[in-house]
Amino acid sequence: MLKEAAFFKVEVKGEKVVSADMRIGYNHRGIEDLATKKTYHQNIFLCERVCGICSHCHSTCYCQTIEDLAGIEAPARARYIRTIVAELERLHSHFLWFGVAMHVIGFDTAFMHIWKERENIMEAIETITGKRVNYAVNTIGGVRRDITPEIIPYLQAQLIKIRTAATKIEKFVTEDRLVKARTKEVGVLDKNTAKKMCVVGPTVRASGVEQDVRKDDPYAAYNELDWNIVTYSEGDVLARVLVRLGEIFQSINITEQALRNLPEGEIALEEVQEFPEREVFDRVEAHRGELVYYIRSNGTNIPERVKIRTPSFMNNAALPSMLVGESIADVLLIVASIDPCFSCTDRSVMVIDKEKNRSFITTLEKLARRRF
(Lines of atoms letter the chains of each structure in order from A and count residues from 1; the text may use other names and numbers.)
(Lines give C-alpha, C1' and ligand atoms only; values in the text may rest on other atoms or scores of the structure.)
Protein backbone atom coordinates (compact mmCIF):
# COMPACT_ATOMS: atom_id res chain seq x y z
CA MET A 1 0.00 0.00 0.00
CA LEU A 2 2.88 2.42 0.73
CA LYS A 3 4.19 3.67 -2.61
CA GLU A 4 7.82 3.99 -1.54
CA ALA A 5 10.41 1.57 -0.20
CA ALA A 6 10.61 1.36 3.60
CA PHE A 7 11.25 -1.35 6.15
CA PHE A 8 9.17 -1.69 9.33
CA LYS A 9 10.06 -4.29 11.91
CA VAL A 10 7.01 -4.96 14.07
CA GLU A 11 6.96 -7.44 16.96
CA VAL A 12 3.51 -8.70 17.89
CA LYS A 13 1.98 -10.71 20.70
CA GLY A 14 -1.21 -12.20 19.38
CA GLU A 15 -2.74 -9.33 17.40
CA LYS A 16 -1.13 -6.50 19.40
CA VAL A 17 2.07 -4.65 18.51
CA VAL A 18 4.55 -4.80 21.42
CA SER A 19 7.52 -3.09 19.73
CA ALA A 20 8.23 -1.36 16.44
CA ASP A 21 11.27 -0.13 14.58
CA MET A 22 11.85 1.26 11.10
CA ARG A 23 14.73 1.44 8.67
CA ILE A 24 15.07 4.03 5.94
CA GLY A 25 17.67 4.63 3.28
CA TYR A 26 16.25 2.74 0.33
CA ASN A 27 15.46 5.88 -1.69
CA HIS A 28 18.55 7.99 -1.12
CA ARG A 29 19.53 9.95 -4.25
CA GLY A 30 22.35 12.24 -3.08
CA ILE A 31 20.55 15.51 -3.84
CA GLU A 32 22.32 17.50 -1.09
CA ASP A 33 25.71 16.49 -2.49
CA LEU A 34 24.61 17.12 -6.08
CA ALA A 35 23.49 20.65 -5.11
CA THR A 36 27.11 21.55 -4.30
CA LYS A 37 28.07 20.77 -7.90
CA LYS A 38 25.49 22.99 -9.61
CA THR A 39 24.92 26.74 -9.73
CA TYR A 40 22.39 28.51 -7.54
CA HIS A 41 19.99 28.90 -10.47
CA GLN A 42 20.34 25.26 -11.59
CA ASN A 43 19.54 24.11 -8.06
CA ILE A 44 16.05 25.59 -8.25
CA PHE A 45 15.03 22.73 -10.56
CA LEU A 46 17.01 20.17 -8.56
CA CYS A 47 15.32 21.10 -5.28
CA GLU A 48 11.89 20.72 -6.90
CA ARG A 49 12.73 17.06 -7.43
CA VAL A 50 13.33 16.29 -3.75
CA CYS A 51 9.60 15.55 -3.59
CA GLY A 52 7.16 15.60 -6.50
CA ILE A 53 4.17 16.38 -4.30
CA CYS A 54 5.90 19.24 -2.41
CA SER A 55 7.99 20.55 -5.31
CA HIS A 56 6.76 24.15 -5.05
CA CYS A 57 7.41 24.20 -1.30
CA HIS A 58 11.00 23.10 -1.89
CA SER A 59 11.68 25.65 -4.62
CA THR A 60 10.01 28.40 -2.56
CA CYS A 61 12.10 27.63 0.51
CA TYR A 62 15.27 27.37 -1.57
CA CYS A 63 14.61 30.66 -3.43
CA GLN A 64 13.75 32.48 -0.20
CA THR A 65 17.00 31.23 1.33
CA ILE A 66 19.02 32.52 -1.63
CA GLU A 67 17.11 35.81 -1.55
CA ASP A 68 18.15 36.19 2.10
CA LEU A 69 21.72 35.40 1.05
CA ALA A 70 21.67 38.04 -1.70
CA GLY A 71 19.84 40.59 0.46
CA ILE A 72 16.81 40.95 -1.82
CA GLU A 73 13.04 40.48 -1.51
CA ALA A 74 10.66 39.23 -4.18
CA PRO A 75 8.03 41.73 -5.42
CA ALA A 76 4.62 41.70 -3.72
CA ARG A 77 2.88 40.20 -6.77
CA ALA A 78 5.41 37.37 -6.88
CA ARG A 79 4.86 36.65 -3.18
CA TYR A 80 1.11 36.39 -3.75
CA ILE A 81 1.59 34.06 -6.72
CA ARG A 82 3.90 31.88 -4.62
CA THR A 83 1.15 31.72 -1.97
CA ILE A 84 -1.55 30.80 -4.49
CA VAL A 85 0.49 27.98 -6.03
CA ALA A 86 1.56 26.77 -2.57
CA GLU A 87 -2.03 26.49 -1.36
CA LEU A 88 -3.21 24.80 -4.55
CA GLU A 89 -0.36 22.34 -4.10
CA ARG A 90 -1.42 21.83 -0.46
CA LEU A 91 -4.96 21.11 -1.66
CA HIS A 92 -3.61 18.61 -4.16
CA SER A 93 -1.50 16.90 -1.48
CA HIS A 94 -4.38 16.65 0.99
CA PHE A 95 -6.82 15.33 -1.63
CA LEU A 96 -4.22 12.78 -2.73
CA TRP A 97 -3.70 11.76 0.92
CA PHE A 98 -7.45 11.43 1.54
CA GLY A 99 -7.71 9.09 -1.43
CA VAL A 100 -4.84 6.94 -0.18
CA ALA A 101 -6.30 6.90 3.35
CA MET A 102 -9.68 5.73 2.08
CA HIS A 103 -7.96 3.03 0.01
CA VAL A 104 -6.06 1.80 3.08
CA ILE A 105 -9.28 1.72 5.11
CA GLY A 106 -10.94 -0.30 2.34
CA PHE A 107 -13.27 2.46 1.14
CA ASP A 108 -12.29 2.26 -2.54
CA THR A 109 -15.41 4.02 -3.79
CA ALA A 110 -14.43 7.14 -1.83
CA PHE A 111 -10.85 6.76 -3.06
CA MET A 112 -11.93 6.90 -6.71
CA HIS A 113 -14.30 9.84 -6.19
CA ILE A 114 -11.67 11.88 -4.30
CA TRP A 115 -9.01 11.32 -6.93
CA LYS A 116 -11.51 12.27 -9.64
CA GLU A 117 -12.15 15.59 -7.86
CA ARG A 118 -8.39 16.04 -7.41
CA GLU A 119 -8.18 16.63 -11.16
CA ASN A 120 -9.82 20.05 -10.68
CA ILE A 121 -6.84 21.09 -8.56
CA MET A 122 -4.33 19.69 -11.03
CA GLU A 123 -6.00 21.59 -13.87
CA ALA A 124 -5.90 24.84 -11.87
CA ILE A 125 -2.18 24.39 -11.18
CA GLU A 126 -1.55 23.54 -14.83
CA THR A 127 -3.37 26.69 -15.94
CA ILE A 128 -1.00 28.85 -13.87
CA THR A 129 2.30 27.02 -14.33
CA GLY A 130 1.88 25.01 -17.52
CA LYS A 131 2.73 21.79 -15.66
CA ARG A 132 1.03 19.23 -13.43
CA VAL A 133 4.15 18.38 -11.40
CA ASN A 134 7.53 20.09 -10.85
CA TYR A 135 6.02 23.42 -11.81
CA ALA A 136 9.23 25.48 -12.29
CA VAL A 137 7.31 28.63 -11.36
CA ASN A 138 9.86 29.98 -8.85
CA THR A 139 13.06 31.83 -9.57
CA ILE A 140 15.49 33.72 -7.34
CA GLY A 141 13.86 37.11 -6.81
CA GLY A 142 10.32 36.22 -7.86
CA VAL A 143 8.36 33.90 -10.14
CA ARG A 144 8.60 32.94 -13.80
CA ARG A 145 4.89 32.96 -14.66
CA ASP A 146 2.20 35.55 -14.02
CA ILE A 147 -1.48 35.07 -13.19
CA THR A 148 -3.24 37.11 -15.86
CA PRO A 149 -6.70 38.68 -15.36
CA GLU A 150 -8.12 36.31 -18.01
CA ILE A 151 -7.50 33.15 -15.97
CA ILE A 152 -8.64 34.44 -12.55
CA PRO A 153 -12.38 33.70 -13.19
CA TYR A 154 -11.45 30.15 -14.23
CA LEU A 155 -9.39 29.63 -11.07
CA GLN A 156 -12.23 30.97 -8.92
CA ALA A 157 -14.66 28.57 -10.62
CA GLN A 158 -12.28 25.67 -9.95
CA LEU A 159 -12.12 26.65 -6.27
CA ILE A 160 -15.92 26.46 -6.07
CA LYS A 161 -15.75 22.90 -7.45
CA ILE A 162 -12.99 22.02 -4.98
CA ARG A 163 -15.04 23.40 -2.05
CA THR A 164 -18.05 21.33 -3.14
CA ALA A 165 -15.87 18.20 -3.28
CA ALA A 166 -14.39 18.98 0.14
CA THR A 167 -17.89 19.31 1.61
CA LYS A 168 -18.70 15.81 0.31
CA ILE A 169 -15.50 14.46 1.88
CA GLU A 170 -16.44 16.13 5.17
CA LYS A 171 -19.84 14.44 5.09
CA PHE A 172 -18.62 10.86 4.76
CA VAL A 173 -15.61 11.38 7.05
CA THR A 174 -17.82 12.64 9.88
CA GLU A 175 -20.83 10.38 9.23
CA ASP A 176 -19.54 7.09 7.83
CA ARG A 177 -19.32 4.39 10.52
CA LEU A 178 -16.52 2.51 8.75
CA VAL A 179 -14.23 5.56 8.72
CA LYS A 180 -14.87 6.28 12.41
CA ALA A 181 -14.43 2.64 13.42
CA ARG A 182 -11.04 2.43 11.68
CA THR A 183 -9.66 5.80 12.80
CA LYS A 184 -11.06 6.83 16.20
CA GLU A 185 -8.70 6.19 19.17
CA VAL A 186 -6.22 4.48 16.82
CA GLY A 187 -2.53 5.42 16.65
CA VAL A 188 -2.72 8.01 19.42
CA LEU A 189 0.16 10.49 19.78
CA ASP A 190 -0.31 12.62 22.89
CA LYS A 191 0.64 16.30 23.06
CA ASN A 192 3.69 15.87 25.32
CA THR A 193 5.19 13.09 23.18
CA ALA A 194 4.55 15.08 20.01
CA LYS A 195 6.37 18.11 21.43
CA LYS A 196 9.19 16.01 22.87
CA MET A 197 9.82 14.31 19.51
CA CYS A 198 9.59 17.62 17.58
CA VAL A 199 6.75 16.36 15.36
CA VAL A 200 5.55 18.91 12.79
CA GLY A 201 2.69 19.73 10.45
CA PRO A 202 -0.82 18.24 10.57
CA THR A 203 0.52 15.41 12.75
CA VAL A 204 1.50 17.74 15.62
CA ARG A 205 -1.57 19.93 15.14
CA ALA A 206 -3.75 16.82 15.53
CA SER A 207 -2.13 16.38 18.96
CA GLY A 208 -3.25 19.82 20.12
CA VAL A 209 -0.15 21.88 19.32
CA GLU A 210 -0.89 25.16 17.50
CA GLN A 211 2.22 25.29 15.34
CA ASP A 212 2.48 26.48 11.74
CA VAL A 213 5.38 28.29 10.06
CA ARG A 214 2.92 30.36 8.04
CA LYS A 215 1.80 31.99 11.32
CA ASP A 216 4.92 31.60 13.48
CA ASP A 217 7.38 32.94 10.89
CA PRO A 218 5.27 34.37 8.04
CA TYR A 219 6.61 34.36 4.49
CA ALA A 220 5.22 35.02 0.99
CA ALA A 221 1.82 36.73 1.54
CA TYR A 222 0.54 34.79 4.56
CA ASN A 223 0.77 37.69 7.03
CA GLU A 224 -1.47 39.77 4.72
CA LEU A 225 -4.28 37.20 4.56
CA ASP A 226 -6.94 36.10 7.06
CA TRP A 227 -6.83 32.41 7.99
CA ASN A 228 -6.69 30.11 11.03
CA ILE A 229 -4.55 27.20 12.23
CA VAL A 230 -6.60 23.98 12.46
CA THR A 231 -5.95 21.87 15.57
CA TYR A 232 -7.51 18.89 17.34
CA SER A 233 -6.48 17.51 20.73
CA GLU A 234 -7.25 13.78 20.40
CA GLY A 235 -4.00 12.86 18.63
CA ASP A 236 -5.48 9.79 16.89
CA VAL A 237 -5.81 8.94 13.20
CA LEU A 238 -9.26 10.55 13.09
CA ALA A 239 -7.82 13.82 14.42
CA ARG A 240 -5.16 13.77 11.71
CA VAL A 241 -7.92 13.22 9.14
CA LEU A 242 -9.95 16.15 10.52
CA VAL A 243 -6.95 18.49 10.64
CA ARG A 244 -6.28 17.92 6.95
CA LEU A 245 -9.96 18.33 6.19
CA GLY A 246 -9.99 21.68 8.00
CA GLU A 247 -6.83 22.73 6.18
CA ILE A 248 -8.50 22.06 2.83
CA PHE A 249 -11.12 24.72 3.61
CA GLN A 250 -8.46 27.10 4.95
CA SER A 251 -6.39 26.67 1.78
CA ILE A 252 -9.43 27.43 -0.37
CA ASN A 253 -10.05 30.62 1.64
CA ILE A 254 -6.39 31.69 1.40
CA THR A 255 -6.33 31.14 -2.37
CA GLU A 256 -9.59 33.02 -2.92
CA GLN A 257 -8.32 35.99 -0.88
CA ALA A 258 -4.98 36.03 -2.70
CA LEU A 259 -6.70 36.02 -6.10
CA ARG A 260 -8.99 38.89 -5.08
CA ASN A 261 -6.15 40.97 -3.64
CA LEU A 262 -3.41 40.16 -6.16
CA PRO A 263 -1.20 43.30 -6.27
CA GLU A 264 -0.11 45.01 -9.45
CA GLY A 265 3.56 45.20 -10.39
CA GLU A 266 6.53 43.13 -11.46
CA ILE A 267 6.74 39.39 -10.87
CA ALA A 268 10.54 39.14 -10.61
CA LEU A 269 13.69 41.16 -10.02
CA GLU A 270 16.66 41.19 -12.36
CA GLU A 271 18.71 37.98 -12.27
CA VAL A 272 20.99 37.84 -9.23
CA GLN A 273 24.67 37.39 -10.07
CA GLU A 274 26.46 37.99 -6.74
CA PHE A 275 26.23 35.65 -3.75
CA PRO A 276 28.11 36.86 -0.64
CA GLU A 277 30.15 34.49 1.51
CA ARG A 278 27.84 33.67 4.43
CA GLU A 279 25.41 31.15 5.94
CA VAL A 280 21.63 31.42 5.57
CA PHE A 281 18.62 29.51 6.84
CA ASP A 282 14.95 29.60 5.89
CA ARG A 283 11.80 27.56 6.41
CA VAL A 284 8.30 27.15 5.02
CA GLU A 285 5.22 25.16 5.98
CA ALA A 286 5.08 22.26 3.53
CA HIS A 287 2.00 20.04 3.41
CA ARG A 288 3.50 17.60 5.92
CA GLY A 289 5.05 20.27 8.17
CA GLU A 290 8.09 22.49 8.61
CA LEU A 291 10.59 22.33 5.73
CA VAL A 292 14.05 23.79 6.40
CA TYR A 293 16.87 24.81 4.06
CA TYR A 294 20.38 25.74 5.24
CA ILE A 295 22.90 27.01 2.68
CA ARG A 296 26.54 28.01 3.11
CA SER A 297 28.06 30.21 0.41
CA ASN A 298 31.76 30.57 -0.39
CA GLY A 299 31.28 33.64 -2.58
CA THR A 300 31.07 31.75 -5.88
CA ASN A 301 27.97 30.92 -7.94
CA ILE A 302 27.97 27.35 -6.55
CA PRO A 303 26.95 26.69 -2.92
CA GLU A 304 29.48 25.09 -0.59
CA ARG A 305 26.82 23.26 1.46
CA VAL A 306 23.10 22.65 1.08
CA LYS A 307 21.24 21.00 3.96
CA ILE A 308 17.57 20.06 3.64
CA ARG A 309 15.44 18.94 6.59
CA THR A 310 12.09 17.64 5.46
CA PRO A 311 9.01 17.26 7.69
CA SER A 312 8.81 13.48 7.28
CA PHE A 313 12.30 13.22 8.79
CA MET A 314 10.80 14.52 12.06
CA ASN A 315 7.43 12.77 11.89
CA ASN A 316 8.80 9.31 11.10
CA ALA A 317 10.59 9.19 14.46
CA ALA A 318 7.23 9.25 16.26
CA LEU A 319 5.79 6.27 14.39
CA PRO A 320 7.05 3.54 16.78
CA SER A 321 5.33 5.21 19.74
CA MET A 322 2.07 5.37 17.76
CA LEU A 323 2.24 1.69 16.78
CA VAL A 324 2.91 0.06 20.15
CA GLY A 325 -0.30 -1.29 21.68
CA GLU A 326 -2.26 -1.16 18.43
CA SER A 327 -3.67 -4.01 16.34
CA ILE A 328 -1.43 -5.38 13.59
CA ALA A 329 -4.29 -4.67 11.16
CA ASP A 330 -3.99 -0.93 11.90
CA VAL A 331 -0.23 -0.62 11.35
CA LEU A 332 -0.49 0.42 7.70
CA LEU A 333 -3.24 2.94 8.44
CA ILE A 334 -1.23 4.52 11.28
CA VAL A 335 1.86 4.81 9.09
CA ALA A 336 -0.21 6.32 6.27
CA SER A 337 -1.86 8.78 8.70
CA ILE A 338 1.30 10.89 8.97
CA ASP A 339 1.55 11.01 5.15
CA PRO A 340 5.18 9.84 5.13
CA CYS A 341 7.51 10.68 2.25
CA PHE A 342 10.59 8.46 2.22
CA SER A 343 12.26 9.79 -0.91
CA CYS A 344 12.66 13.21 0.71
CA THR A 345 13.68 11.72 4.08
CA ASP A 346 16.64 9.53 3.21
CA ARG A 347 20.14 10.74 4.01
CA SER A 348 23.69 9.73 3.26
CA VAL A 349 26.90 10.09 5.24
CA MET A 350 30.35 10.96 3.90
CA VAL A 351 33.08 9.07 5.77
CA ILE A 352 36.56 10.59 5.66
CA ASP A 353 39.42 8.22 6.52
CA LYS A 354 42.40 10.51 7.22
CA GLU A 355 44.84 7.65 7.84
CA LYS A 356 44.20 6.11 4.41
CA ASN A 357 43.54 9.50 2.78
CA ARG A 358 40.23 8.43 1.24
CA SER A 359 36.53 9.15 1.55
CA PHE A 360 33.29 7.44 0.55
CA ILE A 361 29.56 8.11 0.72
CA THR A 362 27.24 5.62 2.40
CA THR A 363 24.00 5.49 4.38
CA LEU A 364 23.82 5.33 8.15
CA GLU A 365 22.36 1.84 7.87
CA LYS A 366 25.28 0.55 5.81
CA LEU A 367 27.75 2.38 8.03
CA ALA A 368 26.39 0.59 11.09
CA ARG A 369 27.08 -2.80 9.47
CA ARG A 370 30.47 -1.90 7.99
CA ARG A 371 33.64 -3.41 9.38
CA PHE A 372 36.72 -1.20 9.33
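Going letter by letter, the sequence shown gives residues 3 to 374 in our numbering. C-beta: ideal position from N, C-alpha, C; glycine also.
Measuring only the C-alpha atoms, how far is residue 339 from residue 46?
30 angstroms
Within the stretch 53-127, ranges of the alpha helix (DSSP H) (whole runs, at least 4 residues):
57-72 and 78-107
When we look at the beta-carbon of residue 243 and count the other beta-carbons within 10 Å, is it buried (16 or more) or exposed?
buried
Going by C-alpha to C-alpha distance, which of 96, 240, 268 and 81 sits closest to residue 222?
81
Could you check whether residue 61 and residue 53 sit closer than 8 angstroms to each other, using their CB atoms as the reference points?
no
How is the beta strand (DSSP E) around residue 293 delimited, first residue to last?
291-298
Are there three or more Cβ pairs, one per stretch, closer than 8 angstroms when the stretch 85-92 is compared with the stretch 254-263?
yes
Three or more C-beta pairs below 8 angstroms linking the stretch 167-174 and the stretch 140-148:
no
Looking at the structure shown, is residue 326 part of a helix, part of a strand, or coil, going by DSSP?
coil
Residue ranges of each beta strand (DSSP E) run of no fewer than 3 residues wholly in the stretch 259-290, ordered along the chain?
281-288
Please list, in chain order, all residues of the same chain as residue 188 whose beta carbon is under 6 angstroms from its beta carbon, the five residues on each side excluded.
238, 239 and 332
From residue 327 to residue 166, what does the alpha carbon distance come to, in whole angstroms?
38 angstroms
Mapping DSSP to helix, strand and coil, what is residue 24?
strand
Can you tell me which of 191, 358, 108 and 272 puts its alpha carbon nearest to the alpha carbon of residue 318?
191
Using 8 angstroms as the threshold, is the stretch 198-210 in touch with the stretch 262-277, meaning 3 or more CB pairs across them?
no
Output yes or no for whether 8 angstroms exceeds the beta carbon distance between residue 335 and residue 106.
yes
With DSSP collapsed to three states, give me the class of residue 175.
helix
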